[in-house]
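First up is the structure itself, then whatever we jot down about it.
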Amino acid sequence: MMQRELVVLGTASQVPTRHRNHNGYLLLWDGEGLLFDPGEGTQRQLLHAGVSAHAITRICVTHFHGDHCLGLPGVIQRINLDRPPHPVTAYYPASGQHWFERLRHASAFHETVELRQEPISGTSELKAPGAPFALEAVALSHPVESFGYRVTEPDGRRMLPERLAALGVTGPAVGQLQRVGAVALGEGRTVTLDQVSELRRGQSAAFVMDTRLCEGVARLADGVDLLVIEATFLEAERTLAEDHGHLTAGQAAQVAAEAGVRTLVLTHFSQRYPDLSGHLDEARRYFDGEIVLAEDLMRVAVPARRQIEPSREQGGE
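In the working numbering, the protein residues as written are 1 to 317.
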């Protein structure tokens, strides 16, 4: 069965706590597994979450601060130990190539799996051949070069059996409709794809880690179904957040509200907040959608596809 869900592996910021591991987020998406920012302990967190290294098909590093990348050696070596039957692609800022090489070869191990390196030099759509989604990297604002990532499923069409039957479209003609958008029937009739199908909105997810407010944050969040975003500080420490290149819970929630986000996942919490009730209260002032305070080993489903309003499908827009 295909699944689309977020597996939270760690939710701490620079300093882990007794209850929060360093960063780590695995997005499972129809047989793909995108591992974002594996901090220390990610390999063990995968074990606790019941997820095999075989599930990882792509590794996405936002930047090279330790809490976002020091788990790379263990994860890469575990992948090679388990020998999944597919290559793994790693995306990361090109300016940190030397850090990636050091982490990849941090100790001796036997390489058995192809690790494809895709360094990022600027905001762009990334190479993701064979994936059921487009993968985009967007530049953010942090003391070191940092990128956010967005996963977007293309829009599609859903065939409507009752309309097909009513217009007499059956057998191979259905396949032709899907391929070319129209089919000629008897008596000079032509049936178009719009007459027998409806738009199926693609699902999307975005990951916004260490950053100040900037244009890239808004671009990543725009209309996204699932937004995983840092909320390192509260508004009372807004100046501190700005100085260190971070967001507050209030800023993250405002971004979500303005962007039309459906599910907001707050994470990357400073160790100064053992109680996160303040983060929830602050976020609720600005965002009235679903808010999730991320916890280690939590699973969060990607929201179901948006319903299409009939008036729009019939040309009412």
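From the three backbone atoms N, C-alpha and C, an ideal C-beta is built for every residue, glycine too.
This one's a predicted model, so the numbers in the text were calculated from it and none came from an experiment.
For Glu235, the secondary structure class from DSSP, reduced to helix, strand or coil, is helix.
Around Leu234, the same chain offers Thr248, Ala249, Gly250, Tyr273, Gly278, His279, Glu282 as residues with beta carbons nearer than 8 Å, after the five sequence neighbours per side are excluded.
The criterion of a C-beta distance shorter than 8 Å is satisfied by Leu297 and His48. The C-beta distance from Val144 to Phe64 rounds to 6 Å, short enough to fall under 8 Å.
Listed in chain order, the non-local C-beta contacts of Asp155 below 7 Å within the same chain comprise Leu199, Arg200, Arg201, Gly202, local neighbours out to five positions each way being set aside.
Spatial neighbours of Val51 in its own chain (CB-CB distance under 7 Å, excluding positions within 5 residues in sequence) are listed in chain order as Val7, Leu26. Residue ranges of uninterrupted beta strand (DSSP E) with 3 or more members, entirely inside the segment 109 to 188 and ordered along the chain, are 115 to 120, 124 to 126, 134 to 139, 147 to 152, 156 to 159, 182 to 184.
The segment 171 to 178 makes no contact with the segment 87 to 100; the number of CB pairs closer than 8 Å stays below 3.
Per DSSP, the beta-bridge partners of Arg58 are Leu34, Thr89. Under DSSP, Thr263 shares a beta bridge with Leu226, Glu290.
Pro73 and Ala94 do not touch by the CB rule: their CB atoms are close to 20 Å apart, not below 8 Å.
For Leu28, the pairing in a beta bridge is given by DSSP as Glu5, Gly33. Taking each of Pro38, His86, Glu40, Cys60 in turn and checking the Cα distance to His54, the smallest one comes out for His86.
Leu193 is positioned such that its CB atom lies closer than 8 Å to that of Gly181.
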